[in-house]
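Heads up, the thing below is written out as structure tokens.
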DNA sequence: GAGCTTCGACCGACCAGTTGGTAGACCTTG
DNA sequence: CAAGGTCTACCAACTGGTCGGTCGAAGCTC
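Residue numbers (the numbering used here), protein chains in the order written: chain A, 52 to 246; chain B, 52 to 246.
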């Protein structure tokens, strides 16, 4: 194992940021949660901005791998979009990381260090990139439709899913609220002649 | 005027929360911005939670008044929804309060004091309430359609608009990004036979 | 293999600055 | 003079970050 501690620090940071965002977690929180000295965290991640950016970078790396795996296993574009939505349904239902870090941090952008903002931007680009590629694929295969173009369709789906997370959080992390919003958005992309 | 200072404090708090959320603004920020002592703020709003809740409450009050005015002036439900979207387009374009406080705070919910959470919940209820009433109205008038029911349609529109704000913020407060997502969501509610 | 150095990981103690919040004096203005 | 509003000065707790130093494993030399 390369470095267990630094990985565990990233785990804690990720968890904390998902629930509290960037500004409301501290080195002391992680220190207490992990039973590790604050100085140790600074040893691995010199500044708080470094830590947050590293957590985001790892999150994006994992996402990329997961998406590649999804593309390899599931060939139907419609099913891939479905997997995206049901992934978040699961997260919210299991109360485990029930929010996209990118989305929490996005709302804090004006108060975020530049390196962190760059990662947030990158994540949004990643996400809208693979969503629009998938939609594009579905359109050419005649399985999906995107009146305003696949790029806009992707941005809209992403926005609706993020908004649904927000609504679910307001409703006390209720997965039903999320599904009620996100599912129809998915259906809306289906081509006219459906099963 | 009842109390100019307390009103100006709420103005500053609102502005700060729109751009930074709850956890990243301080009494010192307001004190500096207004040239007023920190103790003065505590005199009007004993705790930070009180201040945030009061700002939210005033925001909701203003919204309610605005919505009532809209209902009085604009009778077409479709035009009312249009007004909602173009209101935010303006805010983002003018760089003045380019985000819904409710939405910023919603993502911070797990780290928010209870009174504040209650106001956030209230705001979401207000918003989805009048949106669904408007959509309901439009459906009975045959101007709008809502396949999953007006409540879900309202929640979805709200979610998409919030997600669009997020996307716009990621893109550097770009009103075009917001419109590209929010406008089609509006069109989607239009009844089949359109102009 | 003994003795030495080097190095990354880690820690407790500490730093200056900021946090939300308080106490009490000082103005107004009725 | 009573009351509301504002101020300066203060507080303990916490913020992100630094300091000097300890530990043990790995590498080197004889």
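Each residue gets a CB set at the ideal place from its N, CA and C atoms; glycine is no exception.
Please decide whether residue 157(A) counts as near chain B, where near means a Cβ-Cβ distance under 9 angstroms.
yes
Answer yes or no: does any C-beta atom of chain B fall closer than 9 angstroms to that of residue 81(A)?
no
Outcome for residue 123(A) when other beta-carbon atoms lying within 10 angstroms are tallied against a minimum of 16
Of the residues assessed, residue 123(A) falls on the exposed side of the cut-off, its CB having fewer than 16 other CB atoms within 10 angstroms.
Please report the distance separating the alpha-carbon of residue 70(A) from that of residue 149(A).
8 angstroms
Which chain B residues sit within Cβ distance under 8 angstroms of residue 93(A)?
Near residue 93(A) there are no residues of chain B at all, since even the closest Cβ is about 21 angstroms away, more than 8 angstroms.
Could you tell me which residues DSSP puts in a beta bridge with residue 241(B)?
In DSSP, residue 241(B) forms a bridge with 195(B).
Which residues of chain A have a Cβ atom closer than 7 angstroms to the Cβ of residue 206(B), listed in chain order?
218, 231 and 232
For the region 121-166 of chain B, list the alpha helix (DSSP H) runs that are entirely contained and at least 4 residues long, ordered along the chain.
128-145 and 152-158
Using a Cβ cut-off of 7 angstroms, which residues of the region 59-75 of chain A contact any Cβ in chain B, in chain order?
70, 71, 72, 74 and 75
First and last residue of the uninterrupted alpha helix (DSSP H) at residue 70(B):
55-71
Please list the partners that residue 209(A) has in chain B, where partner means a Cβ-to-Cβ separation under 8 angstroms.
214 and 218
Below 7 angstroms CB to CB, which residues in the same chain sit around residue 182(A) once its five sequence neighbours on both sides are set aside?
205, 208 and 209
Nearest chain A C-beta to residue 241(B) closer than 9 angstroms, yes or no?
No, residue 241(B) lies away from the interface with chain A (no Cβ there is under 9 angstroms from its Cβ).
Rank 240(A), 229(A) and 238(A) by C-alpha distance to the C-alpha of residue 144(A) and give the top, closest one.
229(A)
Whole angstroms are fine: how far does the CA of residue 199(B) sit from the CA of residue 216(A)?
19 angstroms
For a contact defined as C-beta to C-beta under 9 angstroms, what are the partners of residue 236(B) on chain A?
207, 210 and 211
If you count every other CB in all the chains shown that lies within 10 Å of the CB of residue 246(A), and 16 or more means buried, which is it?
Confidence in residue 246(A) is poor, its pLDDT being 45 and thus under 50, which makes the residue's placement unreliable; the coordinate value appears in the next sentence. The residue in question, residue 246(A), is exposed, as its Cβ has fewer than 16 Cβ neighbours within 10 Å.
What residues of chain A sit near residue 96(B), judged by a beta carbon separation below 9 angstroms?
What residue 96(B) touches in chain A: nothing, since even the nearest Cβ is about 20 angstroms away.
Relative to the alpha-carbon of residue 61(A), which residue among 90(A), 102(A) and 77(A) has its alpha-carbon at the smallest distance?
102(A)
Indicate whether the contact test is met: 3 or more Cβ pairs, each with one atom in the region 63-80 of chain B and one in the region 150-159 of chain B, closer than 8 angstroms.
yes
Within chain A, partners of residue 108(B) - CB distance below 8 angstroms
Those do not exist, as residue 108(B) stays about 17 angstroms from chain A at its closest Cβ, beyond 8 angstroms.
Range covered by the alpha helix (DSSP H) that runs through residue 82(B):
78-85
Once DSSP output is grouped into helix, strand and coil, what is the label at residue 230(B)?
helix
Given a cut-off of 9 angstroms on the beta-carbon distance, is the pair residue 104(B) and residue 170(B) in contact?
Result yes, Cβ atoms of residue 104(B) and residue 170(B) sit closer than 9 angstroms.
Could one say the Cβ of residue 154(A) lies closer than 9 angstroms to chain B's Cβ atoms, at least one of them?
yes
I want to verify the contact list: residues of chain A whose CB lies under 8 angstroms from the CB of residue 162(B), in sequence order.
Near residue 162(B) (Cβ distances below 8 angstroms), the residues of chain A are 70, 71, 72 and 75.
Could you work out which residues of chain B lie near residue 203(A), taking near to mean beta carbons separated by less than 9 angstroms?
231, 232 and 235
Quick check on residue 171(A) - is its C-beta less than 9 angstroms from some C-beta in chain B?
yes
Within 8 angstroms of chain A by C-beta, residues of the region 167-193 of chain B in sequence order:
171, 172 and 175
9 angstroms is my cut-off, CB to CB: does residue 198(B) come that close to chain A?
yes
Going straight from the alpha carbon of residue 232(B) to that of residue 88(A), what length do you get?
46 angstroms
Against chain A, with Cβ distances strictly below 9 angstroms, would residue 221(B) count as a contact?
yes
If I'm right that residue 188(A) touches residue 128(A) with Cβ under 8 angstroms, what's the distance once you round it to whole angstroms?
Taking C-beta atoms under 8 angstroms as the contact rule, residue 188(A) and residue 128(A) qualify, at a distance of about 4 angstroms.
Against chain A, does residue 228(B) count as a neighbour if the rule is that its beta carbon must be under 9 angstroms from one of theirs?
yes
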